[in-house]
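Chain order of the listed sequences is A and B.
When you line the first sequence up against our numbering, it's residues 19 to 244, in that order.
When you line the second sequence up against our numbering, it's residues 251 to 652, in that order.
Cβ atoms here follow ideal geometry from the backbone N, Cα and C, with glycine treated the same way.
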Amino acid sequence: MLIQIKNLTKTYQRHDGAINAVDNLSLDIPKGSFVTITGASGSGKTTLLLILGGLLQPTSGKMSYNARELDLLKEKDMATFRSNHVGFVMQSFALVPYLTALENISIALNVKDKDNDKNRKRALQLLEWVGLDDRTTHYPKELSAGQQQRVAIARALANNPDLLLADEPTGNLDPTLSEEILGVLKEINQKQGTTVVMVTHSPAAAEYGDTKIQLKNGKLHTNEKV
Amino acid sequence: MRLIDLTLKELWHRKSQLVSGLLAITLGIGVIVGIRSFSVVSEKAVAVNLDNLGANILVLPQSSSVDNYYAADIDASTFPEEYVEKLVTSTIPGVDNISPKLTRRVKVGNENIVLTGILPKSEIASKPIWQRGGIQGQQAAASCAPSGPKKYADAKLQRKGIDTLANNDCFIGSGIALRLKLKEGSKLTIMDKEFTVAKLLPETGTVDDDRVFANLHTVQALLGTGEQISAIEIMGCCSSISEGLLGKLRNVLPDTRITTIGQIVSTQIENNKLMSKISLVFLIIIVFVGGISIGNYIWGNVNERRKEIGILRMIGYHKRHIYYILVLKALLMGLVGGIAGYILGTLGAMWLGPQFSGIAVSPIYMYFFYSIVVAILISIIGSLIPAYMAGKIEPFSNMQED
Numbered sequence: 019m020l021i022q023i024k025n026l027t028k029t030y031q032r033h034d035g036a037i038n039a040v041d042n043l044s045l046d047i048p049k050g051s052f053v054t055i056t057g058a059s060g061s062g063k064t065t066l067l068l069i070l071g072g073l074l075q076p077t078s079g080k081m082s083y084n085a086r087e088l089d090l091l092k093e094k095d096m097a098t099f100r101s102n103h104v105g106f107v108m109q110s111f112a113l114v115p116y117l118t119a120l121e122n123i124s125i126a127l128n129v130k131d132k133d134n135d136k137n138r139k140r141a142l143q144l145l146e147w148v149g150l151d152d153r154t155t156h157y158p159k160e161l162s163a164g165q166q167q168r169v170a171i172a173r174a175l176a177n178n179p180d181l182l183l184a185d186e187p188t189g190n191l192d193p194t195l196s197e198e199i200l201g202v203l204k205e206i207n208q209k210q211g212t213t214v215v216m217v218t219h220s221p222a223a224a225e226y227g228d229t230k231i232q233l234k235n236g237k238l239h240t241n242e243k244v
Numbered sequence: 251m252r253l254i255d256l257t258l259k260e261l262w263h264r265k266s267q268l269v270s271g272l273l274a275i276t277l278g279i280g281v282i283v284g285i286r287s288f289s290v291v292s293e294k295a296v297a298v299n300l301d302n303l304g305a306n307i308l309v310l311p312q313s314s315s316v317d318n319y320y321a322a323d324i325d326a327s328t329f330p331e332e333y334v335e336k337l338v339t340s341t342i343p344g345v346d347n348i349s350p351k352l353t354r355r356v357k358v359g360n361e362n363i364v365l366t367g368i369l370p371k372s373e374i375a376s377k378p379i380w381q382r383g384g385i386q387g388q389q390a391a392a393s394c395a396p397s398g399p400k401k402y403a404d405a406k407l408q409r410k411g412i413d414t415l416a417n418n419d420c421f422i423g424s425g426i427a428l429r430l431k432l433k434e435g436s437k438l439t440i441m442d443k444e445f446t447v448a449k450l451l452p453e454t455g456t457v458d459d460d461r462v463f464a465n466l467h468t469v470q471a472l473l474g475t476g477e478q479i480s481a482i483e484i485m486g487c488c489s490s491i492s493e494g495l496l497g498k499l500r501n502v503l504p505d506t507r508i509t510t511i512g513q514i515v516s517t518q519i520e521n522n523k524l525m526s527k528i529s530l531v532f533l534i535i536i537v538f539v540g541g542i543s544i545g546n547y548i549w550g551n552v553n554e555r556r557k558e559i560g561i562l563r564m565i566g567y568h569k570r571h572i573y574y575i576l577v578l579k580a581l582l583m584g585l586v587g588g589i590a591g592y593i594l595g596t597l598g599a600m601w602l603g604p605q606f607s608g609i610a611v612s613p614i615y616m617y618f619f620y621s622i623v624v625a626i627l628i629s630i631i632g633s634l635i636p637a638y639m640a641g642k643i644e645p646f647s648n649m650q651e652d
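Shown next as structure tokens:
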């Protein structure tokens with residue numbers, strides 16, 4: 019099992035009272051699986067993704083990674099966890115606007131390894147893999163939405179993560195590009211064995227998963243294995 | 251891609267912000283460098299003028315009084331000339347010139363004159379006003395200037411000064427020259443000894459206008475005093491005087507009366523204090539205004555970069571990396587702003603100095619180093635709080651759509 023979460027709760031304090039975005043949720047995510055998470059707005063799917071990626075501390079509960087329990091309260095440890103084991107693909111691509119495609123990938127590599135030449139070669143390999151080897155010196159604004167998302171995927175794969183987390187990765191793309199990007203994610207999952215967890219609103223996109231989870235009011239509503 | 255590359259790229263990406271941030275540091279440093287460059291030269295100029303008033307410490311026999319500085323040594327009792335050597339060998343700091351004198355009233359024909367024996371080198375050095383009159387043709391540096399050049403950079407001029415007062419030569423004050431109708435090259439007989447007037451001294455408005463200056467040893471022989479003198483004039487650095495120079499001199503010469511010429515010393519000290527205070531006030535203003543400007547700039551920059559910082563945190567950068575990026579940015583801006591500020595301030599002072607007060611301002615190269623250090627410190631201090639706040643930006647701040 020790659021990830022096990024047990025009795026996970028995330029409570030937000032608001033002026034009108036406390037809200038459990040994730041409510042006493044337990045879940046196992048096997049290695050090499052492609053998990054899609056759906057649910058209405060406010061159902062807690064993005065909050066769950068944030069906790070899985072070590073980006074947000076839960077209020078209570080436990081999470082283990084490769085059978086090792088993570089100390090979710092240590093910010094420094096979680097940063098190292100993110101750089102070593104997790105790749106992120108965002109709806110808004112999350113690329114640094116003043117860095118070229120190659121540099122956007124290199125900054126992710128630099129967190130782990132300071133060897134610039136080695137990082138450059140690896141970044142070029144990744145750009146080639148996503149079909150953008152002729153766009154290395156292009157800035158995000160010079161790339162199409164689909165190309166930007168490919169750069170984001172290449173960056174997410176930079177440090178060979180075991181876990182790829184995608185938050186609405188096709189939310190800003192037209193149907194054709196969406197299919198293309200989902201195909202890339204599926205390829206990563208099947209050929210590289212990378213575990214993919216994808217949050218989506220789209221029923222069509224959810225069909226790409228081998229495990230389909232639906233959340234309702236922060237609780238697990240359905241957990242369907244295909 | 252290293253963090254410094256990332257920082258440089260970001261700086262270049264936001265050029266307008268970069269220019270406004272740099273402008274704040276450059277102007278701040280430029281103002282302080284300009285004011286300091288100008289005030290250092292002004293201090294020297296004022297100090298030179300103050301030194302033109304003459305010596306500020308007088309060593310007299312115990313029984314003498316200093317009611318009238320310019321006449322204090324006339325007909326005073328004497329003490330041994332070897333006291334000069336005691337002072338010279340004491341190596342007390344802050345003593346710029348030591349000028350022994352022997353003075354007596356004598357008659358030349360029907361005229362009363364004051365005959366003063368001097369050791370030319372030291373006497374001339376302590377009377378800059380004479381130098382401007384042409385004996386050496388070189389202005390003395392200020393004894394109280396913060397870092398003035400040596401008094402006699404040109405050794406030939408110094409020797410010339412000594413050589414001009416041979417045993418048979420004398421300098422005469424303007425009053426005597428008028429009354430006895432003397433000019434340069436005239437002969438003057440004093441107590442049966444014939445002197446040649448080597449130089450007419452410019453009018454000073456003091457008893458010096460009625461003096462005849464001759465070589466100390468010639469005067470001693472003429473008056474039959476032996477190796478005795480009636481006064482030693484000293485040009486003491488005013489800061490040393492306020493730090494107890496008189497006490498040190500009294501220890502060396504316990505049986506003499508050592509006193510300052512109060513008005514001269516107090517004016518010098520007050521002048522130095524005023525200049526120091528003005529510079530300090532400006533420095534404090536610049537540090538505050540500069541620090542706040544940089545802090546404000548970095549703060550604005552952090553807010554604008556929330557998403558980028560979130561991206562970096564998301565892909566695994568630690569808080570310390572974010573601090574590093576922002577402080578490095580402040581350091582680079584401080585470095586460039588410090589250099590630019592030094593150049594701007596120095597050029598400004600060099601251009602405006604002569605226009606406003608007729609003082610030629612030269613670059614003070616030490617300020618180049620100070621400018622960089624102060625600018626970097628201000629920038630880093632100003633960036634600390636924004637950098638700390640940037641470290642608090644959540645790594646998921648780019649999970650939501652814009």
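- Each of B:G584, B:Q267, B:Y574, B:T328 was checked against the Cα of B:Y620, and the nearest Cα belongs to B:G584.
- Contact between the segment 256-269 of chain B and the segment 63-83 of chain A is not established, with fewer than three Cβ pairs separated by less than 8 Å.
- Leaving aside the five residues that flank B:A427 on each side, the residues in its chain whose CB is nearer than 6 Å to its CB run, in chain order, L450.
- Counted as a single uninterrupted DSSP element, the beta strand (DSSP E) harbouring B:M485 occupies residues 481-486.
- Residue pairing by DSSP places A:M81 opposite A:I23 in a beta bridge.
- For the pair B:S543 and B:L581, the CB atoms are not nearer than the 8 Å cut-off.
- Distance from the CA atom of A:Q165 to the CA atom of A:V104, rounded to whole angstroms, is 21 Å.
- Taking a Cβ-Cβ cut-off of 9 Å, the neighbours of A:T98 in chain B comprise G566, H568, given in sequence order.
- As the crow flies, the alpha-carbon of A:K63 is around 59 Å from that of B:V283.
- Classified as buried, B:K294 has 16 or more neighbouring CB atoms from the shown chains inside 10 Å of its CB.
- DSSP, reduced to helix, strand and coil, places A:T212 outside both helices and strands of the structure shown, so it counts as coil.
- Close partners of A:Y116 in chain B (Cβ separation under 7 Å): K259, E260, H263.
- For B:M251, a Cβ of chain A is located within less than 8 Å of the residue's own Cβ.
- About 5 Å separates the CB atoms of B:S424 and B:D459; that is less than 8 Å, so the two are in contact.
- Note on geometry: alpha-carbon atoms of A:A119 and A:N137 lie some 13 Å from one another.
- For B:T366, the uninterrupted beta strand (DSSP E) run begins and ends at 361-368, by DSSP.
- Listed along the chain, the chain B residues whose CB falls inside 9 Å of the CB of A:K94 are H568, K569, R570.
- In this structure, the CA atom of A:A112 is about 27 Å from the CA atom of A:N38.
- At the C-beta level, A:D46 and A:M81 stay beyond 8 Å of one another.
- Counting only the Cα atoms, B:I479 lies some 24 Å from B:P343.
- The Cβ neighbour count for B:H571, taken over all protein chains shown within 10 Å, is at least 16; the residue is labelled buried.
- Per DSSP, the unbroken beta strand (DSSP E) holding B:R507 starts and ends at 506-510.
- The beta carbon of A:R173 sits closer than 7 Å to the beta carbons of N122, I123, A126 from its chain, once the five residues preceding and following it are set aside; these are given in chain order.
- Chain order gives the chain B residues near A:A126 as I565, G566, where near means a beta carbon separation below 9 Å.
- According to DSSP, B:S349 shares a beta bridge with B:E483.
- Within chain A, the residues V114 have their CB atoms less than 7 Å from the CB of B:E558, given in chain order.
- If you look at B:V447, you'll find it in the beta strand (DSSP E) that goes 443-450.
- In the DSSP annotation of this structure, the continuous segment of the beta strand (DSSP E) that includes A:H239 starts and ends at 237-243.
- In the structure shown, the three-state DSSP call for B:R252 is coil.
- The CB of B:I643 never comes closer than 8 Å to any CB in chain A; the least such distance is about 12 Å.
- A distance below 8 Å separates the beta carbons of A:D41 and A:N235.
- A:S101 reaches chain B at I565, G566, counting residues in chain order whose Cβ is nearer than 7 Å.
- If you keep only unbroken beta strand (DSSP E) runs of at least 3 residues inside the segment 140-188 of chain A, you get 181-185.
- When DSSP states are grouped into helix, strand and coil, A:A39 belongs to the strand group.
- Within the same chain, Cβ atoms closer than 8 Å to the Cβ of A:L203 are found at F52, V107, I171, L182, A184, P187, V214, M216, Y226, the five residues on either side in sequence being excluded.
- Secondary structure at A:Y30: strand, using DSSP grouped into helix, strand and coil.
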